[in-house]
Every structure is written in structure tokens, then in C-alpha cells.
Amino acid sequence: MDTLSHCPLCQGGRFRPFRTCRDHTVSGESFDIVECKACGFRFTNPRPSADALEQYYESEDYTPHQATSQGLTDTLYRAVRFYTLRSKHRLIASLVSDPSSRLLDFGCGTGEFLNLCQSRGWAARGLEPDPTAQKVATQKYGLMVDTPDQIQTLPDDHFDVITLWHVLEHVPELLETVEQLKRTLAPEGTLVVAVPNCTAFDAQFYGEYWAAYDVPRHLYHFRPGDVRRLFDQKSMTVTDIRPMRLDAFYVSLLSEQYRNGWLLRAPLVALYSILWAARHEHRHSAQLYLIRHEDVA
Ligand SMILES: [Zn+2]
67 MDTLSHCPLC QGGRFRPFRT CRDHTVSGES FDIVECKACG FRFTNPRPSA
117 DALEQYYESE DYTPHQATSQ GLTDTLYRAV RFYTLRSKHR LIASLVSDPS
167 SRLLDFGCGT GEFLNLCQSR GWAARGLEPD PTAQKVATQK YGLMVDTPDQ
217 IQTLPDDHFD VITLWHVLEH VPELLETVEQ LKRTLAPEGT LVVAVPNCTA
267 FDAQFYGEYW AAYDVPRHLY HFRPGDVRRL FDQKSMTVTD IRPMRLDAFY
317 VSLLSEQYRN GWLLRAPLVA LYSILWAARH EHRHSAQLYL IRHEDVA
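Start counting the sequence shown at 67; every next residue gets the next number (our numbering).
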């Protein structure tokens with residue numbers, strides 16, 4: 067285990083306990099989440115060392131929270147993914163004028179999103195740490211996929227769009243990764259970052275059972291202000307925050323499972339969370355942040 071002595075966001079050295087959560091999908095172990103006393107950032111601490119972390123990911127295609135005994139959740143996950151792949155493509159297509167723009171998907175998994183984009187004319191590349199997922203992406207879809215450390219070898223000012231779909235919360239070297247993303251993003255390019263939001267209603271309702279804490283795989287538990295400050299530090303600006311409404315349903319269903327609750331309540335909690343967020347700005351269960359270089363934002 068690695069114990070962080072400094073806040074990954076502000077480098078402050080004093081923390082208070084925030085929550086203890088269980089790993090419900092792989093190990094059954096408990097992990098502490100702490101809150102930085104200086105900036106309020108919440109992160110899993112201690113956390114498995116970089117080498118040990120991979121044993122907390124299920125093998126093969128890491129579809130988060132995949133569990134064969136929980137067929138309903140799995141089916142729902144796949145249905146949602148089919149729908150969201152297309153809406154993700156629509157979103158990035160709206161960010162560029164040239165249909166053959168350059169796309170980097172950081173944490174591309176088995177490459178379904180990249181494959182769709184490539185088929186629509188994008189020059190698409192991916193980075194993925196899981197060798198099995200990487201193999202699917204390269205062999206099944208013929209995609210160009212490297213390991214995340216290879217980001218250092220990607221050219222400066224290159225990609226028109228870089229996407230991180232529920233990935234930033236998994237990245238051990240947070241500031242270094244943001245630095246590299248910034249370096250390889252084109253001057254007019256857009257970074258698209260989707261992360262869970264621990265200030266959402268469903269997060270408060272489910273508490274330690276909230277599925278998007280997903281310890282120890284989720285190392286950081288972002289609030290919208292944390293995302294802004296993270297990119298501000300690297301002279302980048304959040305230009306838009308958009309809701310990912312379907313996540314509330316999926317996360318609520320898993321959360322009910324984790325606490326052996328009443329599954330039929332999940333859609334009601336999710337619906338309430340969405341309605342609540344209509345009155346509380348940027349408080350959706352998961353959100354998508356559009357980020358640009360500071361001088362063009
Ligand atoms: Zn801090």
C-alpha cells in the first residue's frame with residue numbers, strides 16, 4: 067500500500083477522514099477516503115501501490131462493475147454503453163469542423179468508442195494499461211493502442227480531441243498525466259473528461275455504499291470545483307460542464323445491490339437525483355467537463 071503524505075491536488079499535508087468504503091466488486095477489502103484540510107479534495111488513502119493496483123481490476127475486458135451473477139446490471143450496462151457510444155461520438159463531432167480530426171482516447175479499454183470514431187473518419191489512437199483489453203482493441207478493431215506511459219512519445223500540439231471516459235479517477239500520477247494531456251492537445255483542441263461527482267444527491271443518499279466511490283480503483287473522488295482547480299493549475303480552463311444523466315440509474319442500481327437494498331428503489335433515487343440536480347447546478351451523478359487551453363478558452 068502507498069500512503070500519500072501530500073494532497074494530490076494542492077500538496078497540503080493535513081487530512082481528515084471522510085469515509086471508509088468496501089470494495090464490493092473484487093476484493094471485499096475496506097479502504098479509507100480522506101479529505102484534504104486545505105482544499106477539501108477527497109482521495110483514497112492509503113491506496114494499493116502501482117504494481118498491486120492491477121489485481122483489483124477484473125481480468126479481460128474491465129467493464130466496470132461487471133458481475134456475471136448480476137445479469138440485470140450487466141445487461142443494463144451494455145444497453146447503456148450502446149446508446150452512450152453514439153452520444154459520445156455526437157459530442158466530439160460537435161467540437162471539430164473537420165471530420166477527419168485527430169482523436170486520442172486515454173483509457174480506451176477494448177476500443178469500442180475508438181472503433182466507432184475511426185469508422186466515421188477520425189484518425190483515432192488509444193492508450194490502455196490492461197494488456198488483454200489492448201489486444202482486443204488492436205486485433206479485433208485494428209486500432210493503434212499503446213500503454214499510458216507512451217503518452218510521453220506522442221507529439222506536441224497534436225490531438226484535436228482527447229477523451230477520458232471515467233478514467234481520470236483511476237490515474238495514479240494525476241498532475242503528471244494532466245501535464246502530458248495538455249502538451250499533446252492541439253492549441254485549439256478540447257479535452258473531454260467524464261468523472262463521477264461525489265456531491266450528487268445519489269452520493270449523499272447511498273453514503274458509503276455509493277457505487278461510484280469504487281475503491282480502490284477510484285483514487286480520487288472529484289467535486290466540480292476540484293476538476294476546475296486541477297486544470298487551472300496547468301493553465302487550462304473548464305469551459306462547459308454537462309450532465310451524464312444515465313449514470314445516476316446505473317450507479318443507483320449498483321448501490322442498492324451493495325447495501326442489499328430494494329432494487330426497485332434505484333430508479334426512483336436516480337430520478338430524484340436528476341430532478342434535484344436541475345435545481346442544484348453541476349450536481350449530477352456523473353458529469354462531463356470540456357476543457358481547453360487557457361489562452362483560447
Ligand atoms: Zn488539498
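Idealized CB from N, CA, C, for every residue including glycine.
Given residue i, which residues of its chain have a CB within under 7 Å of its CB, disregarding the five upstream and five downstream residues?
i, result
"Q221", "Note on residue identity: the sequence assigns Pro, not Gln, to residue 221. T250."
"H369", "Outside the modelled stretch of the chain, which goes from 67 to 363, sits residue 369, for which no answer is possible."
"S125", "The pLDDT assigned to S125 is 47, lower than 50, so where the model puts this residue is not dependable; a value taken from the coordinates is nonetheless given after this. If we look at S125 and ignore the five residues flanking it on each side, its Cβ neighbours are T198."
"A363", "T303 and T305"
"D292", "L75 and F107"
"M310", "A260, H350, A352, Q353 and L354"
"P253", "D223, H359 and V362"
"F84", "I99, V100, E101 and R108"
"S93", "Y122"
"V335", "D268, F271 and S318"
"R283", "Y122, Y123 and H236"
"Y338", "F267"
In its own chain, which residues sit with a C-beta less than 6 Å from the C-beta of residue i, not counting the 5 before and 5 after it?
i, result
"L240", "P74"
"V261", "L234, E235 and F288"
"S321", "Y272, Y275, W276 and A277"
"A133", "No answer about A133 holds up, because its pLDDT of 41 lies below 50 and its placement is not dependable."
"S96", "T86 and R88"
"V237", "T243"
"H131", "In this prediction, H131 has a pLDDT of 44, which is less than 50 and means its spatial position is unreliable; what the coordinates show is noted afterwards. Closer than 6 Å at Cβ, skipping near neighbours: T91 and L320."
"T219", "none"
"Y207", "G177 and N181"
"D340", "According to the sequence provided, residue 340 is Ile. The question's Asp does not apply to it. Taken in chain order, the residues that qualify are R311 and A314."
"S135", "Any reading at S135 must be qualified, since the residue scores a pLDDT of 47, below 50, and its modelled position is unreliable; the value itself is stated next. Excluding residues within five positions, none has a Cβ falling inside 6 Å."
"V281", "C87, D89, F97 and T110"
"Q246", "I217"
"H348", "P290 and I307"
Tell me which residues share the same chain as residue i and place their Cβ nearer than 8 Å to its Cβ, disregarding the 5 neighbours each side in the sequence.
i, result
"Q216", "L193"
"R82", "V100, E101 and K103"
"T213", "L193, E194, P195 and Q200"
"A332", "F315, S318, L319, S321 and E322"
"L169", "I158, L180, C183, W188, A189, A190, R191, F225, D226, V227, I228 and T229"
"Y128", "Only weak support exists for where Y128 lies, its pLDDT of 47 falling under 50; the value from the coordinates is given anyway. The residues are G175, D196 and A199."
"G78", "H72, C102, K103, A104 and C105"
"W328", "E322"
Should residue i go down as buried or exposed, given a rule of 16 or more other Cβ atoms within 10 Å for buried?
i, result
"M67", "exposed"
"Y279", "buried"
"L345", "Leu is not the amino acid found at residue 345; the sequence shown has Arg there. Per the 10 Å Cβ criterion, exposed."
"E364", "Here the chain comprises residues numbered 67 to 363, so residue 364 is not present and cannot be evaluated."
"S166", "exposed"
"G175", "buried"
"S163", "exposed"
"T229", "buried"
"Q353", "buried"
"T256", "buried"
"Y286", "buried"
"H72", "exposed"
"A343", "buried"
"G173", "buried"
"Y355", "buried"
"Y149", "exposed"
"A145", "exposed"
"R186", "exposed"
"R298", "What sits at residue 298 in the sequence shown is Asp, not Arg. So D298 ends up on the exposed side."
"T265", "buried"
"S160", "exposed"
"R80", "exposed"
"W231", "buried"
"L365", "Not covered by the structure: residue 365. The range shown for the chain is 67 to 363."
"L330", "exposed"
Spell out whether any CB of chain C is found under 8 Å from the CB atom of residue i.
i, result
"D117", "No chain C is part of this structure, which consists of one protein chain only."
- Item | Those residues, in chain order, that have a beta-carbon closer than 5 Å to some heavy atom of ligand 1 | Counting every residue whose Cβ lies closer than 5 Å to a heavy atom of ligand 1, we get C73, L75, C76, G78, C102, A104, C105 and F107.
- Query: Along the chain, which unbroken stretches of the beta strand (DSSP E) at least 3 residues long are found entirely within the region 242–266?
  - Reply: Taking only runs of at least 3 residues, the beta strand (DSSP E) segments lying wholly in the region 242–266 are 251–262.
- Given 8 Å, three or more beta-carbon pairs between the region 135–150 and the region 196–206: Touching, no.
- Would you call the region 145–161 and the region 169–183 in contact, with 3 or more CB pairs under 8 Å? In short, these stretches touch, since the Cβ pair count reaches three.
- Task: Tell me the start and end of each unbroken alpha helix (DSSP H) in the region 72–124 that is at least 4 residues and wholly inside, in chain order.
- Result: Within the region 72–124, the complete alpha helix (DSSP H) segments at least 4 residues long are 116–119, listed from N- to C-terminus.
- Task: Check whether the region 110–117 touches the region 300–312, taking contact to mean three or more Cβ pairs, one atom from each stretch, closer than 8 Å.
- Result: They do not touch, by the three-pair rule.
- Ranges of the beta strand (DSSP E) found wholly within the region 302–334, counting only runs of at least 3: The region 302–334 contains these whole beta strand (DSSP E) runs: 302–309.
- Unbroken stretches of the alpha helix (DSSP H), 4 residues or longer, contained in the region 171–201: Counting only runs of 4 or more, we get 178–185.
- Message: Which complete alpha helix (DSSP H) runs does the region 277–301 hold, if anything under 4 residues is left out?
- Response: Runs of the alpha helix (DSSP H) inside the region 277–301: 290–299.
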